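Going line by line, the protein sequences match chains A and B.
Going by my numbering, the first sequence opens with residue -9, and the numbers climb by one from there.
Going by my numbering, the second sequence opens with residue 9, and the numbers climb by one from there.
All C-beta atoms in this analysis are idealised placements derived from N, C-alpha and C, irrespective of residue type, glycine included.
Because the structure is a prediction, the values reported are computed rather than measured.
What follows is a short report on a single structure.
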Amino acid sequence: MMSEEEAYETVKQTLKEEGISPYKPDELDVVASIENCINCGTCINHCPVVAAVGINRFSGPRSIAVELSRSPPEYWSAGDMVYLCTGCGTCREVCPKNVDIPEIVNLIRARIFEHRPDLVPKGLHTVRETILEHHLAFEPWDDEEEKEASRDMRRERFGLPVIPDRVVRDAEVLFYPGCQAEEVAQEVKEAGKAVLEFFEVDYTLLDELNCCGLPSRLMGDDQTARELADELKAKLDELGVNKIVTTCAGCTSNLSYLASRDDWNMPVYHLVEYFREVIGLEKLKEAAKQETSGSKVVVTVHDPCHLIRHTSRQLMNEALEILDCLPGVEVSVSEVEDSCCGGGGLVAYHSSAIADAVTQENVEGIKNTDADRVVTPCPLCTSQLETRLFKSGSSIDVDDLSVFVAKYLPFEEKTSND
Amino acid sequence: MAYDYDVVVIGGGSTGTAVARDCAMRGLETLLLERDDIASATVGTCAGMISSGLKYMDEPDIVDMCSEEVVHFRRIARHLIMKNPILTPLMQMSDVSTGGNFAEEYSKRAETRDVPPVLFLTPEDALEIEPTLNPNIIASIYFEEYFISPFRLCLLQALDAQRNGASVRTYCEVHDIENLDGGGNQVTFFDRVSRKTESVVADCVVNATGPWADEVADMASANVEIRPNKGAHVILDRRVVNVGIIAKAVDGRMIYLFPHENTALLGTTALDTWEDPDKLVASSDEIEYLLKSMEWVVPSVREARIIRTMEGVRPLVADWKKPEDDVTRGYDILAHEDDAPGIFSFVGGKLVMCRHMAESVTDMVCEWLGVDKTCDTHMQPLPGMDGDVDVLALSKKYGVSQHMVERMRTRHGTEAEQVLELADAHPEWKTTVCTCEPIMEAELRYSIQEEFPRSLNDLRRRVRLGTGPCQGTFCTYKASAILTKELDWSGIDYQLEIMDYLAERWKGKRPSLRGEQLSQEELMQGIYSCVGNIDQSDAEYQRKPWEGIC
C-alpha cells in the first residue's frame, strides 16, 4: 500500500503526463468568466492585433474564449496564438458579458510555460534569464559610473534637477519607478523624484529595486512572478511604508492586482492619481504658473492600456486635468488615443513585426492631429511610440507625462527660497 | 445456394459497426443497415468511458474482459483515447461505494492497463488537484480511466468495415425480416434517402439494435426481452474540473462529472423506462437530480454553464425485480434457433465490450456458415492509427494553426494530413466554419466526401460540428451551404437543412436552458430569425414518411 505522500506524487506524475496543471483557487473566477462568452464576435472588431495583422495570423479574443481555453490538456497547442496577444484588454472592455480574456491568456501561457517551455517564444526565455539573474526585467548596467553618466545626460536633456536617491525607513510613500525607468528611461525616475521632492512628499526608494513580476506573469512564468511579488512585499514591510506611488502604467496595474490578490492592504497610486488625490491640483497649478517662458505647445495624449483598461479610465481624466494645470499646453485629441501602442504582452520581444504593425495604427492617428508632442503616463508606451514615429520620419516627440510635468516645476526658485 | 450477403448487420451503433468490421475482416459478404446515422442513438449519448469495469466489480469475469478490451482499444485506436484521472471525494465514510472490493479488484488489473492502483489522497492533496471541491471532504479515492470518442469509434469501425469490403448503408430502416423456406433470411428495408423499399437475402442476420432489439426481433417472429433503462447527461461548455469526479447521488447511486474532449459531462441517471426511445428528452427532474447530487462535492457545479443535455436508452439484460444497479453489465447473444434460424440478437453490453461482443457473434456466424477464420479486430489498427502525428510540423507545413491541427488529429489521426492536403489544394477551404471546435472548411469537405454524412447532424457526429458553447449559432448556415454544394442540393434543401439541424439541436438545449445559455439562445434567435428571417421562410416542409404525427 502506497503512503499518502507517494500517492500524491503518483497523481502529480499522471497530471503532468496528461498536460494538466490544476487551476489555482485564484484562477477559478477567470475560468468562470470565460464560460460567459456567447461567441458574438464583438471583440474581434475591436482587437488591435486582429486589425493590424488579420484573423488568420492572430485568431483573436473570441477564438481564445470559445476555442483555445476549453481544454487544459490542449493548451500547449495554443502557443502560436496566445503569445501574440498584447494584453491590452480592449476585448474585455467591449465584451457584453465581461469575459476576462487578458487573464485567461495569462493562465494559458502559464500552462504552456510549465508543460511545453519549448513552445514559449525564445525571446521570452531571454527576458526570463535576465529576470532570474537580476530580478529586473531589463539588463542592468555593468558599470555604475556609466549608468550615472547616462542619467546625468538625460537629466540635462530634459532639464531636470539633480536629486540624490533617497532610501529611508518609515517614509509615508514608496516611490517605485519600475525596471524600465530604473535602467533605461532614467529620466522618468528622475522626474518622479523631482515631483515628489518639489511637493514635499515623505518618500523613499527601494535600496535595491526588484521587478514587480508583471513580465514574468505575462510570459507564463507564474512561479517567478509569485516569487518576485513576495520578495517585493518583504522589502515593503522591511521599509515600513504604507503607500506605493509609481510612474509606470504596467507597475500600477500589476501592483494593484497583487495588492488585491495577496491582501497587501496598501494603496497603489500612479503619480497622476497621487497628484489628484493627495498632492492636489491647485498646488500644481500654482507652481506651474511660474513657468513664464510663454511658449505654447500642442500635445496629444496616448492612453496606456494598463491604466485605462487594467486600472481605471478615471486615471486618464486625471492626466488631462494635470495637463490643464500647465500654462500654454493645449490638447489635440487623437482619434486612436486609447488604442494599444503594440508594446504590451511582451509581443515585441519575439514578434516585433506584429507589435510594430499595431503601433502603426497609432502613428497614423497621431500624425493626423496638429500636435507637436505626444504625452503618455507610461514609459513603455513612450518608447514604443517614439521609435515608430521616428522610423516613419515624423518629427513629433514623445514624453512620459511625469517628465513633461516636471519640466514645468520652478526648481531653482524653490531652491533659492529655501 | 448463394445469397446476396453472408450476413446483414442491423444497427450502426458501437456493437453493429464492430460486428460489420469483424465480419468483413473475416471475409464475409457483409451489409450494415442503420435506420438513421452511425452512432445516432444510445452510444451517441454515452460518456465515452471505456471502463475497466468500475460498476461491476462483483462480476470478476466481466472486469477481466473490460480490462483486456481497454488494452485492445489502446492498441487499435490510440488517437481517439484520452486518460482521465478520477477523484471520488468522500464527505463521510459511508460515501464509499458499495462496490465492496472495488479497490482490490481494480488494482489487481491496473498494471495491464498502464495505470496506478487505487490510491487514497488526503483532503489537502485532493483540494490542491481540484480546488472546486467542497473543503469539508474527509478523504478521496483516486484512480484512472480511459475515454474514447464514441462517435469516431463507431464511424471508424464502419469505415474500416467498408475498406474490408462491407457495404454500409445509413438511413435504411428495416421493417421486415422473413425466414425463407429452405434457408436464408430476407431483410426488407426502406431507404430514407432514395425513398425506395429494397430487399436482400442473407444467411445470417445480426440484430444489434440496442433498445430496439425486441422490436426488430419481432419482425422475424423471434422473441427478445430487454430491460430498457434511460440515462441523461448534462453537458458543460468546457472542462470545468481538472479531473473526473465521482460522487454519491441523492439515492445512493454513484454519479460522475467527467471532463471529455473539450467539454465536461455530468451524468448519469438510470431510470426504467417504457417510453419510445425515439422521443426521449431529459426531464427537469433528471437535471436537478444530477446537479443536486454533484453539488455536495463540487458546490460550484450549479453555476457552471450547461450547454445541453443528451439522453439515451440502455438495452439491459432482462433481469427483473431488482434495482438497475444490480442487473448484470454483461451481454447475451440470443440465437433464435427455433423461431428464426440464422438470426442472432444482442441484449445488454457496454461500450467497452463492443469489440468483444462482435467477436463472439462473428464466431457464431462463422460457425453457422462453416467458415473457419479467427478474429483479428483486436490487433488491426483502425483508420488513422498508422503512427504518431507531428502536429507542430503539420501546422508549419500547411500554415494551419496548431490547435486546429491538434483537434483534427484527435478525429482523423494520421489521416489528418489528407485533410490538410485538401486545404493545400483549395486554400479558400482553410476558412474556419465552426469557431468553437474549431473546424475548417477543408475538414468538412473531407468528411462529406469520405465519411458519407447525409445531414449537418451527421457532420456533428463526425467532426463535432456545432457542439461547442454557441451550439451551432455561427456554423450552421455556413456548413449547410457547404453540404448543399457537395451533395448538389437545391436552395430549398439548404434552408430546410438549417431548420432541421436547429430544430434537432433545440431538443437537447431546451430542457436545460438557463443562465448564460439564455443569452446565447437569444443571439441565435436574433441571427436566424431577425437577420436570417428563417422563421418566415416559405420553404415548404413536408413531413417525412417515418415521422409520426404527434
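Within the segment 154 to 169 of chain B, no residue has a Cβ lying closer than 7 Å to any Cβ of chain A. When DSSP reads this structure, Asn92/B sits in a beta bridge with Glu153/B. Here the alpha carbon of Glu425/B sits roughly 27 Å from the alpha carbon of Arg246/B. For Gln194/B, the enclosing beta strand (DSSP E) begins and ends at 193 to 199.
Distances from the CA of Gly523/B to each of Leu18/A, Gly9/A, Asn26/A, Glu173/A were compared; the closest alpha carbon is that of Asn26/A. Here DSSP, grouped into helix, strand and coil, assigns Ser175/B to strand. The C-beta of His268/B comes no closer than 7 Å to any C-beta of chain A.
Glu186/B carries a strand assignment under DSSP once its states are collapsed to helix, strand and coil.
Ser498/B counts as exposed, since fewer than 16 other C-beta atoms from the protein chains shown sit within 10 angstroms of its C-beta.
Bounds of the beta strand (DSSP E) holding Met262/B are 262 to 268. The shortest CA-to-CA distance from Cys162/B to any of Ser207/B, Glu42/B, Tyr485/B is the one to Glu42/B. Shortest Cα-Cα distance from Ala257/B to any of Pro236/B, Glu269/B, Tyr297/B, Ile447/B involves Tyr297/B. Beta-bridge analysis with DSSP links Tyr259/A to Val235/A.
When the alpha-carbon of Asp45/B is set against those of Thr317/B, Leu299/B, Glu181/B, Ala134/B, the nearest one is in Glu181/B.
Within chain A, no residue has its beta carbon less than 8 Å from that of Thr484/B; the closest one is some 12 Å off. Under the DSSP assignment, Val441/B falls in the beta strand (DSSP E) whose first and last residues are 440 to 442. In terms of Cβ geometry, Phe352/B and Ala343/B form a close pair [threshold 7 Å]. Bounds of the alpha helix (DSSP H) holding Leu510/B are 499 to 517. The CB of Cys30/A comes closer than 8 Å to the CB of Leu531 in chain B, given here in chain order. Contact note: Glu25/A reaches chain B through Leu244, Asp245, Arg246, Val248, Glu311, Ala312, Arg313, Pro477, Glu524, using a C-beta cutoff of 9 Å and chain order. By the Cβ-count criterion, Ile146/B is exposed, with fewer than 16 other Cβ atoms from all chains shown falling within 10 Å of its own Cβ. Counting along the chain, Gly50/A sits inside no beta strand (DSSP E); it lies in the alpha helix (DSSP H) bounded by residues 50 to 53. In the DSSP assignment, Met318/B falls within the beta strand (DSSP E) that extends over 314 to 325.
In this structure, Pro139/B lies away from Val51/B, with their beta-carbon atoms at least 7 Å apart. Using a Cβ-Cβ distance cut-off of 8 Å, the segment 211 to 223 of chain A and the segment 180 to 194 of chain A are not in contact, since fewer than three pairs of beta carbons, one from each stretch, lie closer than that value. Thr96/B and Asp346/A have their C-alpha atoms roughly 51 Å apart.
In chain order, Asp155, Arg156, Val157, Phe165 place their CB closer than 7 Å to the CB of Leu195/A, counting only its own chain and leaving out the 5 sequence neighbours on each side. In summary, Pro435/B is exposed, with fewer than 16 beta-carbon neighbours lying within 10 Å of its beta-carbon over all protein chains present.
The beta carbon of Ser148/B is closer than 6 Å to those of Leu95, Pro97, Leu129, Ala134 in its chain, skipping five residues each way along the sequence. One finds Arg246, Val248 in chain B with Cβ atoms closer than 9 Å to the Cβ of Val21/A, taken in chain order. Take the alpha-carbon of Gln213/A and the one of Pro367/A: they are about 29 Å apart. Neighbourhood of Lys91/B in chain A, by CB distance below 7 Å: Glu8, in chain order.
Going by C-alpha positions, Ala487/B is about 14 Å away from Cys444/B. Per DSSP, reduced to three states, the secondary structure at Gly392/B is coil, with no helix or strand assignment. Distance between Ala32/B and Ala169/B, taken at the CA atoms: about 6 Å. Here the alpha carbons of Lys2/A and Ala511/B stand approximately 44 Å from one another.
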